[in-house]
Each structure stands twice: as structure tokens, then as C-alpha cells.
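First up is the structure itself, then whatever we jot down about it.
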Amino acid sequence: MSDKKPVNSNVVYIDARAATYDGVAVRILAVTLVDSGKILISKEAEWRDQPVAKGDTIVVTDTPNVFNHWGLAFNEKEQMQAVMAAYKASLAAGLLVLDDEVQRYDPKQVIQTRKVDERGKALDFDSMGINNGHIAVLLAVWAARSAHGGYVITRQPDAEQNEAEDDEFDMMPFSI
Numbered sequence: 001m002s003d004k005k006p007v008n009s010n011v012v013y014i015d016a017r018a019a020t021y022d023g024v025a026v027r028i029l030a031v032t033l034v035d036s037g038k039i040l041i042s043k044e045a046e047w048r049d050q051p052v053a054k055g056d057t058i059v060v061t062d063t064p065n066v067f068n069h070w071g072l073a074f075n076e077k078e079q080m081q082a083v084m085a086a087y088k089a090s091l092a093a094g095l096l097v098l099d100d101e102v103q104r105y106d107p108k109q110v111i112q113t114r115k116v117d118e119r120g121k122a123l124d125f126d127s128m129g130i131n132n133g134h135i136a137v138l139l140a141v142w143a144a145r146s147a148h149g150g151y152v153i154t155r156q157p158d159a160e161q162n163e164a165e166d167d168e169f170d171m172m173p174f175s176i
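The structure is reproduced here in C-alpha cells:
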């Protein structure tokens, strides 16, 4: 009899590490259900531990040169808009849960509305209050949303889906 836990291919573990912002370096552990997009930010762990490559884990960091393995490297200038959009979408959809242990890193504490325009609220940081913990949580959400997006794009069609239903849309014009 094997002591191994059954593998759930819909579960992805996230190891988010941030060190280039204010305060001590922070490592946050999270889990996401890629089929639903739900994200649980669960606990803090030792930052310096080297990540181990695992097929069901995404390591996301703002310091990729420090670690020998990572899946997503965060560059603020290039990816902050995507990170903020991922957080905003997860929050709006009710997909994000922070355990009590990591509530002090809730990004809501340091994100403020900069302006409101035709596209909705433009969010920005309170630069005086943001720390590595807030960034680690945001990176975990970004990694989870990336995993969910990859799942949605690569999943197989449902077996119950009738091929005849697909055919009725084959001749649909591009504009109506």
C-alpha cells in the first residue's frame, strides 16, 4: 500500500517570493484550483530555502537571480499592470481568500483608486505602505491567474458536448 497522496491535476501550488520592496524578504505559499480559478493564500514560509522543481508548483519571484529554479520572474516595469489586473479580477470575482496568518499582507491595505475612467477604476499603490509581503501576495495571485488561463486555453472539450452543436456555429458570420 502506498503512502502517496492522490494527485489532483486541477491543483497548482504557488511559491511566491518578494525581496526588492520595503521590509524583510517574504515567501508566501498558496494553492489554486485551475479549473475554477479559486486562490487560497495560506501561509508564510522561510524565504531563503531554494525551490525544488515540481510539476504541480509555480515559483514566482521578483529576484530570479537568487534562486536556481523559478517559473515566473516579475519585472515591475513590464508586468505591474498584469499583476494589478489579475488581482483586481480575482477580487471582483470573489476568487481570492487570505488565511488569517497572511491577512497583514492583504494588498487592499496599500492599493488605492488613482482615477476612474471609461474602463473602470485605475488602481495604484500607496508607495509609503507597500512591502514585500504585499508584493508576494500579488505575485501569488498573478501566478494563479496565469495557471488558470493556461488551463482554460489547453483543456479538452467536454465529452458530453455534442459535435452537432459545434457545427451550427461553423457558418456564423464575423459580424452581425
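Numbers 1 to 176, taken from this note's numbering, label the letters of the sequence shown in order. Yeah, the Cβ is synthetic: ideal placement off N, Cα and C, and Gly gets one too.
Residue i: which of the options sits nearest, CA to CA?
i: Lys-88; options: Val-60, Ile-111 and Thr-32; result: Ile-111
i: Ala-30; options: Trp-70, Ala-45 and Tyr-21; result: Ala-45
i: Thr-61; options: Lys-54, Asn-75 and Gly-55; result: Asn-75
i: Tyr-21; options: Asp-56, Arg-145, Gln-109 and Ile-130; result: Ile-130
i: Leu-95; options: Pro-107, Thr-57, Ser-146 and Ile-39; result: Ile-39
i: Ser-146; options: Gln-79, Lys-43 and Thr-63; result: Gln-79
i: Ile-41; options: Ala-16, Thr-57 and Leu-72; result: Ala-16
i: Thr-57; options: Ala-82, Gly-71, Lys-77 and Gln-81; result: Gly-71
Based on the DSSP secondary-structure assignment, which residues constitute the bridge partners of residue i?
i: Lys-43; result: Leu-29
i: Lys-38; result: Leu-33
i: Thr-63; result: DSSP lists no partner for Thr-63.
i: Asp-22; result: Asn-131
i: Leu-138; result: In the DSSP output, where bridge partners are listed per residue, Leu-138 has none listed.
i: Ala-53; result: BP columns for Ala-53 are empty, so no partner.
i: Ala-73; result: Thr-61
Beta strand (DSSP E) containing residue i: first to last residue?
i: Tyr-13; result: 11-18
i: Val-83; result: Val-83 -> not in any beta strand (DSSP E); alpha helix (DSSP H) instead, spanning 76-92.
i: Leu-98; result: 96-98
Determine, using beta carbons only, whether residue i and residue j come nearer to each other than 8 Å.
i: Leu-98; j: Ala-18; result: no
i: Ala-144; j: Arg-27; result: no
i: Asn-132; j: Gly-55; result: no
i: Ser-90; j: Val-141; result: yes
i: His-134; j: Pro-107; result: yes
Would residue i pass as an interface residue toward chain D - the criterion being a Cβ-Cβ separation below 8 Å?
i: Val-137; result: The chain inventory of the structure shown lacks chain D, comprising one protein chain alone.
For the segment 100-111 against the segment 45-53, do three or more pairs of beta-carbon atoms, one drawn from each stretch, fall closer than 8 Å, so that the two count as touching?
no
Check whether the segment 32-44 touches the segment 8-24, taking contact to mean three or more Cβ pairs, one atom from each stretch, closer than 8 Å.
yes
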